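**Q** Would you mind keeping the following structure in view while I ask a few things?
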Amino acid sequence: MDTGDTAWMLISTALVLLMTPGLAMFYGGMVRAKGVLNMMMMSFVSMGLVAVVWTLYGYSMTFGEDLGGGLVGDPTESFGLTNIIAADSLFGTIPTAVFAVFQMMFAIITVALISGAIADRAKFGSWILFVIVWVTLVYFPVAHWVFDFDGKDEAGNVVDPGGWIANDLAAIDFAGGTAVHINAGIAALALALVLGKRVGFGREPFKPHNLTLVMLGAALLWFGWFGFNAGSAVAANATAGVVFLNTVVATGAAMLSWLLVERVRNGHATSLGAASGIIAGLVAITPACSAVDPLGAMAIGAIASAACAIAVSLKFKIGYDDSLDVVGLHLVAGLIGSIFIGFFATSSAPAAVDGLFYGGGTALLVKQVIASGAVLVYSFIATYLIAQVIDKTIGFRITEDAEVTGIDLVVHAESSYEIGSQGATRGGYAS
Amino acid sequence: MKLITAIIKPAKLEEVKHALTEHGVAGMTVSDVSGFGRQRGHTEVYRGTSYTVDLLAKIRIEVLVDDKDVASTVETIAKAASTGSVGDGKVWVTPVESVVRVRTGETGASAI
Numbered sequence: 012m013d014t015g016d017t018a019w020m021l022i023s024t025a026l027v028l029l030m031t032p033g034l035a036m037f038y039g040g041m042v043r044a045k046g047v048l049n050m051m052m053m054s055f056v057s058m059g060l061v062a063v064v065w066t067l068y069g070y071s072m073t074f075g076e077d078l079g080g081g082l083v084g085d086p087t088e089s090f091g092l093t094n095i096i097a098a099d100s101l102f103g104t105i106p107t108a109v110f111a112v113f114q115m116m117f118a119i120i121t122v123a124l125i126s127g128a129i130a131d132r133a134k135f136g137s138w139i140l141f142v143i144v145w146v147t148l149v150y151f152p153v154a155h156w157v158f159d160f161d162g163k164d165e166a167g168n169v170v171d172p173g174g175w176i177a178n179d180l181a182a183i184d185f186a187g188g189t190a191v192h193i194n195a196g197i198a199a200l201a202l203a204l205v206l207g208k209r210v211g212f213g214r215e216p217f218k219p220h221n222l223t224l225v226m227l228g229a230a231l232l233w234f235g236w237f238g239f240n241a242g243s244a245v246a247a248n249a250t251a252g253v254v255f256l257n258t259v260v261a262t263g264a265a266m267l268s269w270l271l272v273e274r275v276r277n278g279h280a281t282s283l284g285a286a287s288g289i290i291a292g293l294v295a296i297t298p299a300c301s302a303v304d305p306l307g308a309m310a311i312g313a314i315a316s317a318a319c320a321i322a323v324s325l326k327f328k329i330g331y332d333d334s335l336d337v338v339g340l341h342l343v344a345g346l347i348g349s350i351f352i353g354f355f356a357t358s359s360a361p362a363a364v365d366g367l368f369y370g371g372g373t374a375l376l377v378k379q380v381i382a383s384g385a386v387l388v389y390s391f392i393a394t395y396l397i398a399q400v401i402d403k404t405i406g407f408r409i410t411e412d413a414e415v416t417g418i419d420l421v422v423h424a425e426s427s428y429e430i431g432s433q434g435a436t437r438g439g440y441a442s
Numbered sequence: 013m014k015l016i017t018a019i020i021k022p023a024k025l026e027e028v029k030h031a032l033t034e035h036g037v038a039g040m041t042v043s044d045v046s047g048f049g050r051q052r053g054h055t056e057v058y059r060g061t062s063y064t065v066d067l068l069a070k071i072r073i074e075v076l077v078d079d080k081d082v083a084s085t086v087e088t089i090a091k092a093a094s095t096g097s098v099g100d101g102k103v104w105v106t107p108v109e110s111v112v113r114v115r116t117g118e119t120g121a122s123a124i
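Sequence lines, in order, name chains U and C.
Using my numbering, the first residue of the first sequence is number 12, and each one after it goes up by one.
Using my numbering, the first residue of the second sequence is number 13, and each one after it goes up by one.
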């Protein structure tokens, strides 16, 4: 065991957990005041649900013994995580327990990301059921495909086979462009299609109610993302350092790129544009951060952010209510980040592979497209079916009356802000 | 000249505003208010304690109109604000003695 690596991974784990409340603020500020609490609760409740489910069988399905074909791990092998807490249980140079809890945070944030597509209108109980079923049938298998590398003995023989994308295909996804962002982005589209549009979509102005909250959320996401990306090195080493650097520079370039698109297209550089550009850059560099140099990182961040800035307006033209642009940000930037590794990868970066622009041919590009496409197709179909079953049985949407009154009041019996002279004194104790 | 005052459900503001604009009113003043009529309040829960909220959030719209436009404007508001359920609100009309447009000093109907 390496104490330096272990210390860094404990910190990284806490950083990645912080991303989910950060996401709650980022999303919460973007909805109307009557739905902010529900929006934040969809993220918060994911922390509770996935912490439990991951410990029971999620880690085991993701990193347990492969059940065949690199498709899914054995859910019973590490049930309850009781078999990995011994002091001599190691994953590389860190305790297995630290690795397991680090990876738990990825499962939490991935499903929380989806909630942005269904703002203001989902039954809370149905969302809870969706989270449990979705991580079980979609996230755990896909994370196994992408994140579970083959375990090898000292002679290099595979003794513990892992997932097919990580090993058989050997596509590059350092921290989750496919398993997290393409996965959540396309799932968000499926969910938005099943639930349908909010009452008044395209007719009433659904303006963000608190942009300062959005900015704070974006800042916390950026901060936490260092754990997400640099922590994915699973060591405090040179790879983590390069990844950290690439994460900053890609995100900086992405923010500038979004602001430039806005300034040219709308005449103004906006705060919501800056926050959105930050997220686009972070998403795009996530899979690529170990495979590119800082110039490549800048290019990927800037290209992805400009593409997202254009993509977010498509929902009005196509007519689906992906309320907070999970598709326009996570799917688009996730696809660009994952696929452009095939162009910008350079052997001088830690992953040590050349992409098309650095004389490596098209082999890597093809792998990246296959990995992205496989996750996209599986996640869309599985999510669509899960959402349809929930909708047809217990129902996924609150009533139109409840939606118009406001989901915070109807579902949670709370109102987010008590301000103004009458605010806190509009009634009394209920008998 | 008359002042039309309407108390409506917050969710109906967009529809009423749109209907009044289509109807051709020259302007309106909108405020957030709270109050009660026949509609019951609701209960909110904070750390296990329930609170009744009997003053409900409503929107007040005020429109100045010439006498000949009163009936049609009131009808427009009532139609757009209606959901058919209790708590839809009220519209009332009060006489206005004089109006002055601040910028030009115009008075009477031309100041509306």
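Positions of the beta carbon are idealized from the N, C-alpha and C atoms, including for glycine.
None of these values were measured; they are calculated from a predicted model.
#1: In terms of DSSP beta bridges, what is U/Val-169 paired with?
#2: Chain C beta carbons: is any one of them nearer than 9 Å to that of U/Val-415?
#3: Let me confirm a value: U/Ala-249 is counted as buried when at least 16 other C-beta atoms fall within 10 Å, else exposed. Which label applies?
#4: Give a yes or no on whether the C-beta atoms belonging to U/Gly-196 and U/Leu-340 are separated by under 9 Å.
#5: On the DSSP letters alone, give me the boundaries of the alpha helix (DSSP H) that U/Arg-274 sits inside.
#6: For U/Ile-439, decide whether its Cβ has a neighbour in chain C, counting only Cβ atoms nearer than 9 Å.
#7: Going along chain U in order, which residues have a C-beta closer than 7 Å to the C-beta of C/Glu-34?
#8: Just checking: is the beta-carbon of C/Ala-92 within a distance shorter than 9 Å of some beta-carbon in chain U?
#9: Can you grab the Cα-Cα spacing for the pair U/Gly-417 / C/Thr-55, in whole Å?
#10: Would C/Lys-24 and C/Ile-71 be called neighbours here (beta carbons separated by less than 9 Å)?
#11: Between the C-alpha atoms of U/Thr-394 and U/Trp-145, what's the straight-line distance to the nearest angstrom?
#12: Is the beta carbon of C/Ile-73 less than 9 Å from the beta carbon of C/Ala-38?
#13: Taking any Cβ of chain C, which residues in the segment 238–270 of chain U have a Cβ under 9 Å from it, in chain order?
#14: Looking at the structure shown, is U/Phe-151 part of a helix, part of a strand, or coil, going by DSSP?
#15: For the segment 115–127 of chain U against the segment 25–35 of chain U, are there 3 or more C-beta pairs whose distance is under 8 Å?
#16: Starting from the Cα of U/Ala-133, find the closest Cα among U/Glu-414, U/Glu-429, U/Arg-408 and U/Gly-439 and give me that residue.
#17: I want to see whether chain U comes within less than 9 Å of C/Asp-66, judged by CB atoms only; does it?
#18: Which residues in chain C have a C-beta closer than 7 Å to the C-beta of U/Ala-424? List them in chain order.
#19: Leaving out five residues before and five after U/Ala-241 in sequence, what residues of the same chain have Cβ atoms less than 6 Å from its Cβ?
#20: Would you mind telling me which residues of chain C sit closer than 8 Å to U/Glu-215, beta carbon to beta carbon, in chain order?
#21: Under 9 Å, do U/His-155 and U/Val-83 count as touching if we go by C-beta distance?
#22: Where does U/Trp-236 land, buried or exposed, given buried means 16+ other C-beta within 10 angstroms?
#23: Would U/Ala-420 pass as an interface residue toward chain C - the criterion being a Cβ-Cβ separation below 9 Å?
#24: Applying the criterion that 16 or more other CB atoms from any shown protein chain within 10 Å of the CB defines a buried residue, is U/His-192 buried or exposed?
#25: Using 10 angstroms around the beta-carbon of U/Tyr-150, count the other beta-carbons present and answer buried if the total reaches 16, otherwise exposed.
#26: Among the residues of its own chain, which have a CB less than 7 Å from the CB of C/Val-57, if the five just before and after it don't count?
#27: Using a Cβ-Cβ distance under 9 Å, would C/Thr-41 count as near chain U?
#28: For U/Val-61, which of helix, strand or coil comes out of DSSP?
#29: Looking at the C-beta of U/Gly-366, does it have a partner C-beta in chain C at a distance below 9 Å?
#30: Measure the Cβ-Cβ separation of U/Ala-344 and U/Ala-318 and say whether it is below 9 Å.
#31: Skipping 5 residues on each side, what residues in its chain have a beta carbon closer than 6 Å to that of U/Met-266?
#32: With 9 Å set as the bound, which would you pick, yes or no: does the beta-carbon of U/Gly-235 sit closer than that to a beta-carbon of chain C?
#33: Among the residues of its own chain, which have a CB less than 6 Å from the CB of C/Val-98, if the five just before and after it don't count?
#34: Going by DSSP, what residues sit across from C/Ser-46 in a beta bridge?
#35: Tell me the residue span of the alpha helix (DSSP H) that contains C/His-30.
#36: The beta strand (DSSP E) with C/Lys-14 in it runs from where to where?
**A** By the coordinates alone:
#1: U/Lys-163
#2: yes
#3: exposed
#4: yes
#5: 249–277
#6: It should be noted that the sequence gives Gly, not Ile, for residue 439 of chain U. For U/Gly-439, the answer is yes, since a Cβ of chain C falls inside 9 Å of its Cβ.
#7: Within chain U, no residue comes near C/Glu-34; the closest Cβ sits about 14 Å away, beyond 7 Å.
#8: no
#9: 14 Å
#10: yes
#11: 7 Å
#12: no
#13: none
#14: helix
#15: yes
#16: U/Arg-408
#17: yes
#18: Thr-55, Glu-56 and Val-57
#19: Ala-251, Val-254 and Phe-255
#20: Glu-26
#21: yes
#22: buried
#23: Residue 420 of chain U is actually Leu in this sequence, not Ala. Answer yes: the Cβ-Cβ gap between U/Leu-420 and chain C drops below 9 Å somewhere.
#24: buried
#25: buried
#26: none
#27: no
#28: helix
#29: no
#30: yes
#31: Ala-285, Gly-288 and Ile-289
#32: no
#33: Arg-50 and Gln-51
#34: C/Ala-69
#35: 25–35
#36: 14–20
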